Each structure stands twice: as structure tokens, then as C-alpha cells.
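Peer 1:
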Amino acid sequence: MEEIKTYPTIIDENGELIKNLRILTVPLDCIEDDGVFYNYTASTGVYAQKPSVVLIIDENTMMQLEKLLLLQLDGKYKLFVKENEIFTYPIETEQEREIRELKEKLAALEAAQHEGE
């Protein structure tokens, strides 16, 4: 089963929201045993009235949530593509890909640094 990428933070090194990222919030009681989920929000803010799973996703993933399952693996919730579904990825240039990967690496390093404080 194909795992969908999530992100460690929605904030960049300047404290600004990273363009095209959203916070997916899914109440625990809205996740079926088979991973199907419903009644979620995806926005730049977190708002939960009850215990929820919170993941940071990109806009491409947000537009395809109906194709995904939310499964717990090694104590963490992760997104996976449903069987017989095709998850599509935007086509990006080599330079766009390199910039995105560098931003993701920087965000991961900053998140790790903040966890150690």
C-alpha cells in the first residue's frame, strides 16, 4: 500500500505559513477500523472539539482525501492510498523539486531543533 507524504511543520524558518500546506484534523471517532475516515477539516489552523489525529498535508493530498485511508502504524497515524485508487502527483520541474526538497529538509531540521529545546 502506498504511503502518502506528510510534513513535520507548517511554519517556515521565518515563522510564516508554508504555501500549499494544510493541517488535516480527523476526530478519532470518525476513523473506521479499516482506515476510512470522514468528518475532517483541512485548513491552516487547528480546531478540534474532541481527541483527533492531526497531520500536515499538501494541497494535492487535500484534493484527494477520498482516495486515502488513515491507518495506525508503529503507534503513528499515516495516510495510505486505498486499494484500486490512483493517487496523482503534480508534475514539477527539476528546479522546483530541488527547492521543495530543500524546504522540506529545512523544516524537518527546524522541527527537530525545536523539539530539543
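Using our numbering, the first residue of the sequence shown is number 10, and each one after it goes up by one. Note that CB positions come from ideal geometry on N, CA and C, so glycine has one too. Values in this document were obtained by computation on a predicted structure and should not be read as measured data.
Taking its Cβ as the centre, do 16 or more other Cβ atoms sit within 10 Å of Y47, making it buried, or is it exposed?
Peer 2: If you number the sequence shown from 1, residue 47 lands on position 38. Classification of Y47: exposed, given that the 10 Å Cβ count is below 16.
Peer 1: What does the alpha-carbon distance come out to for the pair G24 and I40?
Peer 2: Translated into positions along the sequence shown, residue 24 becomes position 15. Translated into positions along the sequence shown, residue 40 becomes position 31. Roughly 32 Å separates the two Cα atoms.
Peer 1: Between the Cα of I66 and the Cα atoms of I20, A121 and E119, which residue gives the shortest distance?
Peer 2: Your numbering for residue 66 matches position 57 in the sequence shown. Here the closest residue by C-alpha is I20.
Peer 1: Please state the DSSP three-state secondary structure of I108.
Peer 2: In the sequence shown, counting from the first residue as 1, residue 108 sits at position 99. I108 falls in the helix class under three-state DSSP.
Peer 1: What do you reckon, are the CB atoms on V45 and V55 nearer than 8 Å?
Peer 2: Taking the first residue of the sequence shown as 1, we reach residue 45 at position 36. Taking the first residue of the sequence shown as 1, we reach residue 55 at position 46. Not a contact, by the Cβ cut-off of 8 Å.
Peer 1: How many angstroms separate the CA atom of E12 from the CA atom of L80?
Peer 2: In the sequence shown, residue 12 corresponds to position 3, counting from 1. In the sequence shown, residue 80 corresponds to position 71, counting from 1. Whole-angstrom Cα-Cα distance: 10 Å.
Peer 1: Buried or exposed, going by whether 16 or more other CB atoms sit within 10 Å of the CB of A106?
Peer 2: For the purposes of this step, residue 106 is identified with residue 97 of the sequence shown, where counting begins at 1. The residue asked about is misnamed: residue 106 is Arg in this sequence, not Ala. Looking at its Cβ environment, which holds fewer than 16 other Cβ atoms inside 10 Å, R106 is exposed.
Peer 1: Taking the alpha-carbon positions, what's the S61 to L115 distance?
Peer 2: Reading the sequence shown from its first residue, position 52 is the one you call residue 61. Reading the sequence shown from its first residue, position 106 is the one you call residue 115. Taking the straight line joining both Cα atoms gives about 27 Å.
Peer 1: With burial defined as no fewer than 16 other Cβ atoms inside 10 Å of the residue's Cβ, what is the status of T53: buried or exposed?
Peer 2: For the purposes of this step, residue 53 is taken as residue 44 along the sequence shown, with counting starting at 1. By the neighbour-count rule (16 or more Cβ atoms within 10 Å), T53 is not buried but exposed.
Peer 1: Taking the alpha helix (DSSP H) that T70 belongs to, which residues open and close that run?
Peer 2: Working through the sequence shown from its first residue, we reach residue 70 at position 61. T70 -> alpha helix (DSSP H) spans E68 to M71.
Peer 1: When DSSP labels each residue in this structure, what does A57 get in the three-state scheme?
Peer 2: Position 48 of the sequence shown, counted from the start, is the residue given in the question as residue 57. Of the three classes helix, strand and coil, the one that applies to A57 here is coil, per DSSP.
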